[in-house]
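Structure first, commentary second.
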Amino acid sequence: GQQVMQIPQYQHVQEGEDFTTYCNSSTTLSNIQWYKQRPGGHPVFLIQLVKSGEVKKQKRLTFQFGEAKKNSSLHITATQTTDVGTYFCAGRRNFNKFYFGSGTKLNVKP
Amino acid sequence: DTEVTQTPKHLVMGMTNKKSLKCEQHMGHRAMYWYKQKAKKPPELMFVYSYEKLSINESVPSRFSPECPNSSLLNLHLHALQPEDSALYLCASSQGQGYNSPLHFGNGTRLTVT
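Heads up: the protein sequence lines correspond to chains A and B, in order. So that you can map any letter, position 103 of the first sequence is 131 in our numbering, and since no number is skipped, the others follow by simple counting. So that you can map any letter, position 113 of the second sequence is 298 in our numbering, and since no number is skipped, the others follow by simple counting.
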């Protein structure tokens with residue numbers, strides 16, 4: 029079964045505050061991908077991390093892959109209302125078996 | 186907008202009905218997936234097709250029957266479903282079987298079983 033956990037489950041922030049979600053796997057992952065799902069929408073691919081300790085940035089978003097390739101984080105600096113949605117990590121253990129994390133729902137108050 | 190098209194957007198069916206969900210992509214992707222997503226839950230993998238062959242079945246009940254007629258199309262045939270099967274059914278595709286391929290999702294079919 030799926031063994032990728034995310035915390036927190038929910039996060040409410042004031043616009044302009046920072047936000048971080050953490051993803052933890054019980055097993056080593058080949059890679060990790062991050063997706064964003066807006067309310068009523070479908071998951072949209074954000075980024076992929078492959079190397080141990082890798083850090084990638086996309087404007088206000090910073091993604092990190094742990095040294096042991098079992099955990100990852102997504103940090104958003106100075107949140108905006110457009111950041112609202114649920115953020116999922118997805119870990120791949122073999123071939124096409126992607127397991128989505130439990131997700132963190134972000135609400136941003138203007 | 187998405188390059189993976191799913192029809193219908195909404196479907197209501199009775200427990201004795203037979204219906205099909207359809208998915209189409211023209212990105213030349215060789216792997217296609219069905220996911221099921223219940224409210225406030227992550228997508229759960231159901232099936233994976235790679236090069237038009239079923240490569241993964243995540244112990245899905247036989248009332249769900251996938252079909253991949255060609256590299257661009259993926260169907261999910263539904264028969265004798267239960268109310269607890271009500272969910273958002275998402276189709277996705279990826280470039281290949283390699284582990285570096287991101288998933289491209291369709292908008293989903295919201296299924297209600299009465």
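Where a beta carbon is used, it is the ideal one built from N, C-alpha and C, also for glycine.
*asked:* Can you look up THR109 of chain A in the DSSP assignment and give me helix, strand or coil?
replied: What you label residue 109 of chain A is simply residue 81 of the first sequence in a count that begins at 1. Note: THR109 of chain A maps to helix in three-state DSSP.
*Residues of chain B with a CB under 9 Å from the CB of PHE73 of chain A: which are they?*
Here residue 73 of chain A is taken as the residue at index 45 of the first sequence, counted from 1. Per Cβ cutoff of 9 Å: PRO287, LEU288, HIS289, PHE290.
*Just curious, the beta strand (DSSP E) that LEU77 of chain A is in, first and last residue?*
By one-based count along the first sequence, residue 77 of chain A stands at place 49. LEU77 of chain A -> beta strand (DSSP E) spans 72-77.
*Residues of the segment 227-239 of chain B with a CB closer than 7 Å to any CB of chain A: list them in chain order, please.*
PRO227, PRO228, LEU230, VAL233, SER235
*Can you check DSSP and say which residues form a bridge with CYS276 of chain B?*
One-based indexing of the second sequence puts residue 276 of chain B at position 91. Residue pairing by DSSP places CYS276 of chain B opposite B:TRP219 in a beta bridge.
*Which residue's Cα is closest to the Cα of PHE91 of chain A: A:ASP46, A:LEU77, A:THR132?*
For this step, residue 91 of chain A is matched to residue 63 along the first sequence. Comparing Cα positions, the closest option is A:LEU77.
*Pull up the distance between the alpha-carbon of GLN280 of chain B and that of SER286 of chain B, whole angstroms please.*
Taking the second sequence and counting its residues from 1, one reaches residue 280 of chain B at position 95. Taking the second sequence and counting its residues from 1, one reaches residue 286 of chain B at position 101. For GLN280 of chain B and SER286 of chain B, the distance between alpha carbons rounds to 6 Å.
*asked:* Counting only beta-carbon separations shorter than 7 Å, does GLY293 of chain B have a partner in chain A?
replied: The sequence position of residue 293 of chain B within the second sequence is 108, counting from 1. Yes, GLY293 of chain B lies at the interface with chain A (some Cβ there is under 7 Å from its Cβ).
*With DSSP run on the structure shown, which of helix, strand or coil describes PRO268 of chain B?*
As a working note, residue 268 of chain B is residue 83 in the second sequence. Three-state result, PRO268 of chain B: helix.
*At least one CB of chain B closer than 7 Å to the CB of GLY68 of chain A: is that the case?*
As a first step, residue 68 of chain A must be located in the first sequence, where it is residue number 40. Chain B, which has no Cβ nearer than 7 Å to the Cβ of GLY68 of chain A, makes this no.
*asked:* Quick check: the Cα distance between ASP113 of chain A and PHE73 of chain A, rounded to an integer number of angstroms?
replied: Numbered from 1 along the first sequence, position 85 holds the residue referred to as residue 113 of chain A. Numbered from 1 along the first sequence, position 45 holds the residue referred to as residue 73 of chain A. The amino acid at residue 113 of chain A is misidentified as Asp; the sequence shows Gly. Roughly 13 Å between the two C-alpha positions.
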